[in-house]
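In UniProt numbering, the protein residues as written are 1 to 179.
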C-alpha cells in the first residue's frame, strides 16, 4: 500500500533504518509526557524493544506500520502515524479494527499536522473493505490526542487500564466504525 501526499505532508513506511529519527523524536520530555511520564527513550530501547515491535506488525501490503511524516516543501521529518491491528500485543488482535496513533515533534504542535496526517492515512486505508473500524488509545489527560480522535470522527468507547507489555496506563479508547 502506498500513502500519497496530503496537502502539506508526505509519507513513507518506516523501518529499522529510521532508528536515529525515532530516537531523536523520543528525546523531548514533552513528547514523552503521556507515553511514559516524560522519560526519553534510550537508543538501546529503540534498537532492542521498539524496532523489534515495529518489525512484528509492519506490513507494506496492508499499510500497517509507522508512517513517517515529512513536511513536503522542506522534507523535514516531523513525526509518525502508527497503523496496526488493535490488540496486537495483548493477544486480542483484530485485523478489522486498526489502531491509529501518532507522535510528533513539539515544534509542530498546534499547526494541524498530526490531524492532517491521521485523517489522510485513515481516509486512504478506509477504502479497504476488510477494515471495519479505526480505534485510538490515549492517556486520560492527553487532551491534544483526544482532540485528534474527535477530528477523525471517533467516539468515546471507555475509560480503562490499558495493558501493554511495556507498561500499563489509565487510558481512553475512541473508535470510528466504518461499516
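Don't be surprised by glycine CBs; every beta carbon is placed ideally from N, CA and C.
Predicted model, so just to flag it, every value in this text is computed and none were measured.
Check: For residue 139 and residue 35, the rounded distance between their alpha carbons; Outcome: 8 angstroms
Check: Simplified DSSP state of residue 77, which is helix, strand or coil; Outcome: strand
Check: Residue environment, residue 145, which counts as buried when at least 16 other CB atoms sit within 10 Å; Outcome: buried
Check: Alpha-carbon to alpha-carbon, residue 105 and residue 76; Outcome: 11 angstroms
Check: Range covered by the alpha helix (DSSP H) that runs through residue 97; Outcome: That residue, residue 97, is in no alpha helix (DSSP H); its beta strand (DSSP E) goes 94 to 104.
Check: Sheet register partners of residue 135 (DSSP bridge); Outcome: 99, 175
Check: Close-in-space but distant-in-sequence residues of the same chain around residue 23 (CB under 7 angstroms, 5 per side omitted); Outcome: 41, 43, 46
Check: Among 119, 103, 179, the one whose alpha carbon lies nearest that of residue 30; Outcome: 103
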